[in-house]
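Working notes for the structure below.
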Amino acid sequence: MKLSQWYKVLGASLVACGMLAPEHAQAINIPLADPSFEAYVLTTPGAGGYAYSNKYASTSAWIGRPGAGNYQNAGPQGSNWIYSASYAEAGAVTKRPAPRTGTQAMHGRGLMSGQKLATTFEAGATYTFSVYAQGDNDSQLLGPPYGWQSRIFLHIYDASLYGNDLGPNGEDYEVTGENSLTYNEEEYNPISPSFTYFPHDRFAPSEPIPPDGAQTHPGNFVNRPNGATAAQSQAAWQKISVSHLVLPGSPEVGKPIGVAFQAFLDGAVDDAALTKVDPGDLNGDFVLNSLDWNILRTNQLADLSSMPVSQSYFLGDLNGDGQNNHADFLIFKTSYDASNGAGAFVAMVAAVPEPSAALLAALAGVGLLVRRRNK
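Taking the UniProt record's numbering, the leading residue of the sequence shown gets 1, the next gets one more, and so forth.
In structure tokens, the structure reads:
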């Protein structure tokens, strides 16, 4: 039996008996603190069932602006606010979205809420931050320019300069008292050159990203009729997300991950999540599978040094050295097994037609050595 045929038969047999798993790469969950806004428990029923960050900041990981005053200044209304089901559909105030899960959700005041993670950015990994979102049911009744207030922007950012709290535009500040704030805009500010952030998302891929300060937005986000029931409201949540690929050599490599959302005055969010796809997603479909392996294999030993990393990465240059070689193979194999389970790479390759001589040499280099005794 040829070595390549033996290898394929072995892999297929191991898959059949359950010792190896076929390719079903799953994005790796990176836990967020208080993803469903339930950590701070609201106890006041009805129209009083809400709290600003001066109340929930000490309990919830989501930070914003505490204090007192109008939402355009420092104040309890100067933060996005947590509300309970009693303040939503079928409750005392029927225009707010019923929480998707649990009994609480977050409503916008046009400002930023975010959190800094201990997890750091990994070169070659793709990160996706998502929330479920919807608007109030009366946004369409008010007409322009009010419909735009249901917008929600998502951000993934380098949080190495991140402080303890977020201002209306993402600036960091220190709290010197419940109603007194000291700003440090250079430490955390989307407008400042010292702040690194990645593109925000919108409600649907077909919707353009509006310019900063825009007061209108095509396809205003209103997804249920006035007077909707709690069940209709719960069914209306839409998942939105933003993703970021950390190219090899990027300045954010090794820096703490930050996630944030900017929820406008009629927007609400629930059930936030952050996931990671390990290095090797060469076709950008957020999974590691044989399609990515085919791209890597097709470009084996290619000289990609004339290309920028933003192009060479997708041809198999996983470490950014301008080559697709054995080092990139090792990165891919390690990532594939990390995402799919030990031995998954061997099982996947076993299903790929006739591995090349270069592949067999690479496999031998990582410990797969088959000896056949001649008779």
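Ideal placement from N, C-alpha and C gives every residue a C-beta, glycine not left out.
Item checked: Contact set for G254: own chain, Cβ-Cβ below 6 angstroms, skip 5 residues either direction -> Residue numbering aside, residue 254 sits at position 254 when the sequence shown is read from its first letter. The answer, listed in chain order, is T120.
Item checked: DSSP-derived helix/strand/coil call for F332 -> Translated into positions along the sequence shown, residue 332 becomes position 332. Reduced to three states, the DSSP call for F332 is helix.
Note to self: Measuring alpha carbon to alpha carbon, tell me which residue in T59, A342 and G108 is nearest Y83.
What the structure shows: Against the sequence shown, residue 83 aligns to sequence position 83. That would be G108, whose Cα lies nearest to the Cα of Y83.
Item checked: Close-in-space but distant-in-sequence residues of the same chain around K239 (CB under 7 angstroms, 5 per side omitted) -> In the sequence shown, residue 239 corresponds to position 239, counting from 1. Contacts found: S130 and Y132.
Notebook entry, point to check: The beta strand (DSSP E) with K276 in it runs from where to where?
Noted result: Residue mapping note: residue 276 aligns to position 276 of the sequence shown, counting from 1. Its beta strand (DSSP E) spans residues G267 to V277.
Checklist line | Local conformation of S306 per DSSP, three classes | finding: Position 306 of the sequence shown holds residue 306. The answer is coil: DSSP assigns S306 none of H, G, I, E or B.
Check: What residue does the beta strand (DSSP E) around Q238 start on, and which one ends it?
Finding: Stepping through the sequence shown from its first residue, residue 238 is reached at position 238. That run of the beta strand (DSSP E) goes Q238 to L245.
Next item on the list: Take the Cβ of G227 as the centre, count every other Cβ of all protein chains shown within 10 Å, and call the residue buried at 16 or more, exposed below.
Entry: For the purposes of this step, residue 227 is taken as residue 227 along the sequence shown, with counting starting at 1. Result: exposed.
Check: Can you give the Cα-Cα distance for A268 and N325, rounded to whole angstroms?
Finding: The residue given as residue 268 occupies position 268 in the sequence shown. The residue given as residue 325 occupies position 325 in the sequence shown. Answer to the nearest angstrom: the Cα atoms are 47 angstroms apart.
Notebook entry, point to check: Any heavy atom of the ligand SAH within a distance shorter than 7 angstroms of the CB on Y157?
Noted result: Questions concerning the ligand SAH fall outside what the structure shown contains, since it holds no ligand whatsoever.
Margin query: Three or more C-beta pairs under 8 angstroms: does that hold for the segment 93-112 against the segment 241-259?
Written below: no
Notebook entry, point to check: Quick one, are the C-beta atoms of A123 and T275 less than 8 angstroms apart?
Noted result: Taking the first residue of the sequence shown as 1, we reach residue 123 at position 123. Taking the first residue of the sequence shown as 1, we reach residue 275 at position 275. It is not a contact, given that the beta carbons lie outside the stated cut-off.
Check: When the Cα atoms are used, what is the spatial distance from D281 to V352?
Finding: Start at 1 with the first residue of the sequence shown, and residue 281 comes out as number 281. Start at 1 with the first residue of the sequence shown, and residue 352 comes out as number 352. Distance between the alpha carbons of D281 and V352: 18 angstroms.
Check: Would N289 be called buried (16 or more neighbouring beta carbons within 10 Å of its own) or exposed?
Finding: Position 289 of the sequence shown, counted from the start, is the residue given in the question as residue 289. Burial call: buried.
Next item on the list: Return the CA-CA distance between R100 and G322, expressed in angstroms with no decimal places.
Entry: In the sequence shown, residue 100 corresponds to position 100, counting from 1. In the sequence shown, residue 322 corresponds to position 322, counting from 1. Going by the C-alpha atoms only, they are around 46 angstroms apart.
Margin query: For R151 and S53, I'd like the C-alpha separation in whole angstroms.
Written below: By 1-based counting over the sequence shown, the position of residue 151 is 151. By 1-based counting over the sequence shown, the position of residue 53 is 53. Going from the Cα of R151 to the Cα of S53 covers about 21 angstroms.
Next item on the list: Specify the secondary structure class of I295 as computed by DSSP and reduced to three states.
Entry: Against the sequence shown, residue 295 aligns to sequence position 295. It is helical.
Note to self: Can you look up F40 in the DSSP assignment and give me helix, strand or coil?
What the structure shows: Residue 40 sits at position 40 when you count from the first residue of the sequence shown. Note on identity: in this sequence residue 40 is Tyr, with Phe being the wrong assignment. Reduced to three states, the DSSP call for Y40 is coil.
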